[in-house]
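Take a look at the structure set out below.
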Amino acid sequence: MLLNLLVLNVFIMLCSWLLVTYNQRAGLVDVAWSFSIALNVIIAAWVVETAPLPVRMFLGVASGIWFLRLTWHLLRRYANETVEDTRYANMRRAMGDYQHLGFLAFFMFQAGLVVLFSYPMLELLSIPVQQWNDWTSVTLIVAGMIMLLALIGESTADQQLYHFKLNPQNTGKTMDRGLWKYSRHPNYFFEWLHWFAYPVLGLAAGAYGLWIYPLLMWLFLYYITGIPFSEQQALAHRGDNYQRRTSMFIPWPPKQ
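In the numbering used here, the protein residues as written are 27 to 282.
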């Protein structure tokens with residue numbers, strides 16, 4: 027199953043790369059990444075009949091909704107872009123004449139990351155019914171509550187920022203309303219929170235190794251993918267007043 031899904035992910039990324047070579051907007055990789063994870067989870071939950079049915083339904087439906095919503099949000103953002111995302115425009119300039127080959131390697135690397143971040147769900151789906159203990163129902167409820175809270179939080183943050191950016195009067199301004207009043211990156215915080223649902227569920231089956239994933243996602247968000255670039259852009263264009271009074275990650279009352 028894992029190999030089959032990897033082949034599917036590589037195919038999706040390859041198709042995305044071909045489109046990007048035409049339209050010169052590599053932000054499509056984010057859409058393909060989220061969509062690929064959604065497909066992996068939904069397909070595995072349907073095909074793999076090893077885990078208890080409630081676990082399969084939870085992962086197929088809850089995780090499927092999570093990543094499909096994220097896909098829709100990223101696709102909507104991508105469709106509204108008039109220029110290439112600055113992150114990828116910088117990569118394009120750095121690669122120069124080798125940009126097509128460089129982006130091909132980057133997209134294939136993303137296919138590998140898709141498998142990496144699909145693993146918690148695939149691992150849970152592969153655990154036989156006999157290994158799930160009497161706490162399965164409890165962990166399903168707790169994991170569901172975490173997932174619901176994270177979904178509401180991230181959806182709200184995404185919608186607030188999306189509508190803020192749609193208003194031409196807000197050009198060059200900092201979004202500091204709603205959830206963004208309490209965190210400079212509430213969307214990333216709730217993305218991170220969502221990854222706790224899987225190790226919590228795994229407690230009922232001895233899948234303790236899944237606790238590495240909240241840490242792994244935090245490292246990606248905090249040091250590699252989202253926050254560093256956003257912080258750099260914000261400081262360059264809007265100053266540090268918002269940074270001084272607002273929590274970077276965990277929602278918290280702003281400083282006076």
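A virtual CB, placed ideally from N, CA and C, is assigned to each residue, including glycine.
Where does residue i sit, in a helix, a strand or coil, going by DSSP?
| i | result |
| --- | --- |
| residue 68 | helix |
| residue 278 | coil |
| residue 186 | helix |
| residue 250 | helix |
| residue 201 | coil |
| residue 43 | helix |
| residue 211 | coil |
| residue 232 | coil |
So the candidates are the options; which of them puts its Cα closest to the Cα of residue i?
| i | options | result |
| --- | --- | --- |
| residue 137 | 39, 60, 50, 208 | 39 |
| residue 151 | 73, 165, 195, 218 | 73 |
| residue 27 | 135, 126, 78, 69 | 69 |
| residue 64 | 35, 209, 180, 223 | 35 |
| residue 209 | 234, 180, 193 | 180 |
| residue 163 | 81, 122, 29 | 81 |
| residue 279 | 186, 204, 227, 169 | 204 |
| residue 29 | 61, 66, 126 | 66 |
| residue 177 | 282, 213, 233, 134 | 213 |
| residue 142 | 128, 166, 239 | 239 |
| residue 86 | 54, 128, 117, 147 | 147 |
| residue 275 | 267, 254, 259, 282 | 254 |
| residue 216 | 175, 113, 237, 140 | 175 |
Would you kindly work out how many angstroms separate the C-alpha atoms of residue i and residue j, rounded to a whole number?
| i | j | result |
| --- | --- | --- |
| residue 155 | residue 77 | 5 angstroms |
| residue 102 | residue 95 | 11 angstroms |
| residue 144 | residue 250 | 19 angstroms |
| residue 98 | residue 229 | 31 angstroms |
| residue 48 | residue 92 | 30 angstroms |
| residue 132 | residue 45 | 14 angstroms |
| residue 50 | residue 110 | 7 angstroms |
| residue 115 | residue 52 | 8 angstroms |
| residue 241 | residue 122 | 35 angstroms |
| residue 62 | residue 89 | 12 angstroms |
| residue 104 | residue 60 | 13 angstroms |
| residue 127 | residue 258 | 28 angstroms |
| residue 120 | residue 256 | 19 angstroms |
| residue 57 | residue 195 | 28 angstroms |
Inset, instruction - List in chain order: all unbroken alpha helix (DSSP H) runs of 4+ residues lying wholly within the stretch 61-123. - result: 79-84, 90-106, 112-121
Legend entry - Whole beta strand (DSSP E) elements within the stretch 138-199, 3-residue minimum: none
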